[in-house]
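Note that this note's numbering numbers the sequence shown so that position 211 is 331, with each residue one more than the last.
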Amino acid sequence: MTAVTLLSTSVFAEGDSAEESAEEESVEESVEEPAEEAVEETVEVDERETTYLALSKEPILSIPEEFPRQFMYESLVNIDYPEDGVKGIFLTGGTAASERLHELTDLLNTTALNSMVIDVKDDDGTIVMDLDSDHEYVQEFTRDYVDAEELMKHLEEHNIYPIARIVIFKDSRLARARPDLSFTDENGEVWSNRAGASFVNPYEREVWEHNVEVAKKAAALGFKDIQFDYVRFPEGFATMDEHLNYSRGEYAESGSDNVQQRVDAVTDFIAYAREELKPYGVDLSVDIFGFAALVREEPNIGQSFTRISENVDVISSMIYPSHWGPWNLGIEKPDLEPYNLVYNYMVVENEVLATLGDDAPRTRPWIQDFTASYLGAGNYRTYGDHEVSEQIRALHDHGVKEYLIWNSRSNFSQGATFDFDE
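Below, the structure written as structure tokens:
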């Protein structure tokens, strides 16, 4: 919503006073009755001209940077940010609903680990706990695997910092229910990748609203950090963007090329989500490919490392050694050298974040605790306590105290050194 203000200002004769501002100027006029036998009529003319102020493109109603406390959502869950920084592990919804939650809680209680990243909306679009939402698709895609109230109570009792993982644009459920919000082929079928997963369209505002509703409800439950994953277009989208059917929404007439439109859509979604989440007092974090820091803008998927970083509280680069190709970061076989890979990456990321100054987010990278045997003999190593420790040591040597450990099945190497300050 924008507004144009028209103000009327007096044109004063030479010697008149014009000290009042436009907002304060009085428009009252005094009228005197003419004398009966006036020989000469004197007419004073107060000439006026219309002054046009510049068009404001800022919204009339917007959320301030410092949101007044009396209007913020008050969480019933009292868990402070870890003094030594977030050191976390990933839990699937199934793990959070099982006895393994207690096993992993014991791991956190006996080590420097202190946080859990827990699926709220997973990789196929399933919402794994009741969020008490009136939103049609949130209700339709909810599978009540996790007792949210009991989970939050458990985390509070053990002082475990809770991070809600919400997968955004990789969403087969919403894509199948609403092909118009996805990408379709010439036969009208929803596109899917080789693994059978479909994505929804980042250009579509309705997709934004669906995911932000999930984020708000997760914040209301007591999660202190909302982490977005798959905030991007599908891999290799640049090779198929002209062959699939989909809407570009408000970006169609932007005049930018396809690459810039994708970057704009992804960045604008994150900025929109951050604004909407302000009343909840949570941090917003985003997972991003580590490679994006090297190229600044990843043309296929619409991720700009710097533009995303400017709009989040935490940036979580996925820097798994197995995800880099030969000779990336100067290492012939990256998966074989976990310390050197992470160390060399942080040199690059720190340089990029330094250019953002006060706008730079905290860095909290994802590191690897899985074996990438799919790379083939000679190109991978078995990951365990030593390999996890080496990645954490490389971060420590760059002064990075926060990290998250990824294993898709929530199986972790429990003998690793999780803090090199101890």
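Even for Gly, the Cβ is constructed at its ideal location relative to N, Cα and C. Fair warning: this is a prediction, and the values are worked out from it, not measured in the lab.
C-alpha gap between residue i and residue j, whole angstroms
i: L515; j: Y463; result: 7 Å
i: L364; j: P322; result: 14 Å
i: Y110; j: S429; result: With the chain covering only 121 through 542, there is no way to say anything about residue 110.
i: E507; j: P446; result: 19 Å
i: D407; j: R285; result: 10 Å
i: D349; j: D244; result: 12 Å
i: K273; j: G450; result: 46 Å
i: Q347; j: A340; result: 14 Å
i: G496; j: S533; result: 22 Å
i: S374; j: Q381; result: 8 Å
i: G410; j: I439; result: 5 Å
i: G477; j: G205; result: 20 Å
i: F187; j: A268; result: Low confidence applies here, because F187 scores a pLDDT of 48, under 50, leaving its location unreliable; read the following figure in that light. Roughly 27 Å between the two C-alpha positions.
i: A217; j: T246; result: 15 Å
i: E522; j: Y494; result: 29 Å
i: D361; j: L227; result: 45 Å
i: F319; j: S376; result: 23 Å
i: T359; j: P299; result: 20 Å
i: G566; j: V379; result: In this structure the chain extends from 121 to 542, so residue 566 is not present and cannot be described.
i: G316; j: D305; result: 14 Å
i: E457; j: Y465; result: 12 Å
i: D250; j: E256; result: 13 Å
i: E223; j: D291; result: 30 Å
i: E396; j: D479; result: 19 Å
Residue i versus the options, residue with shortest Cα-Cα distance
i: N354; options: S312, D345, R325 and E223; result: Here residue 354 turns out to be Pro, not Asn, going by the sequence shown. Ranking the options by Cα distance to P354, first place goes to S312.
i: Y500; options: E452, F319, S530 and E469; result: E452
i: T491; options: G504, R482, D479 and G498; result: G504
i: T483; options: E326, T225, S405 and Q381; result: S405
i: H518; options: E329, P485, L224 and F532; result: P485
i: V415; options: K398, S376, N431 and V468; result: V468
i: I283; options: S509, G342 and A413; result: G342
i: A412; options: R427, P399, Y400 and K398; result: R427
i: G308; options: Y366, F409 and V334; result: Y366
i: N279; options: T230, E324, Y265 and R368; result: T230
i: A536; options: A317, L233, G477 and D267; result: L233
i: R529; options: D489, V520, W444 and R368; result: D489
i: D254; options: E457, A358, Y265 and H330; result: H330
i: S509; options: D539, E324 and V520; result: D539
i: N531; options: E203, T225 and I421; result: T225
i: E324; options: R368, E256, D479 and V310; result: R368
i: I487; options: G498, N470, R513 and D479; result: R513
Residues bridged to residue i (per DSSP)
i: P114; result: In the structure as shown, the chain starts at 121 and stops at 542, and residue 114 therefore has no counterpart that could be examined.
i: L221; result: In DSSP, L221 forms no bridge with anything.
i: Q488; result: W526
i: V287; result: D349
i: D517; result: Bridge partners of D517: none, in fact.
i: M249; result: V266
i: G450; result: None; G450 has no bridge partner.
i: E115; result: Since the first residue shown for the chain is 121 and the last is 542, residue 115 is missing from the structure and cannot be characterised.
i: I209; result: M236 and I525
i: V320; result: S302
i: L404; result: I346
i: R482; result: V434
i: K241; result: I247 and I286
Contact under 8 Å by Cβ, residue i with residue j
i: Y459; j: Q511; result: yes
i: D242; j: G213; result: yes
i: S436; j: D455; result: no
i: V289; j: R220; result: Reading the sequence as shown, one finds Phe at residue 289 and not Val. Not a contact, by the Cβ cut-off of 8 Å.
i: K344; j: V402; result: yes
i: F210; j: N527; result: yes
i: L524; j: V237; result: yes
i: E276; j: N198; result: yes
i: R99; j: F261; result: Outside the displayed span of the chain (121 to 542) sits residue 99, for which this structure offers no information.
i: Y281; j: Y201; result: yes
i: L301; j: E333; result: no
i: D252; j: K336; result: no
i: N431; j: T475; result: no
i: E417; j: V383; result: yes
i: V287; j: Y265; result: no
i: P481; j: D433; result: yes
i: F425; j: W328; result: no
Distance cut-off 7 Å: residue i Cβ against heavy atoms of the ligand FMN
i: M438; result: This structure lacks the ligand FMN, and indeed carries no ligand of any kind.
For this session: Taking only runs that begin and end inside the region 326-391, name each unbroken beta strand (DSSP E) of 3 or more residues, in chain order.
Result: Within the region 326-391, the complete beta strand (DSSP E) segments at least 3 residues long are 345-349, listed from N- to C-terminus.
Problem set entry | Every unbroken alpha helix (DSSP H) inside the region 410-455 [4 residues or more] | With a minimum length of 4 residues, the continuous alpha helix (DSSP H) runs that stay inside the region 410-455 are 411-415 and 425-429.
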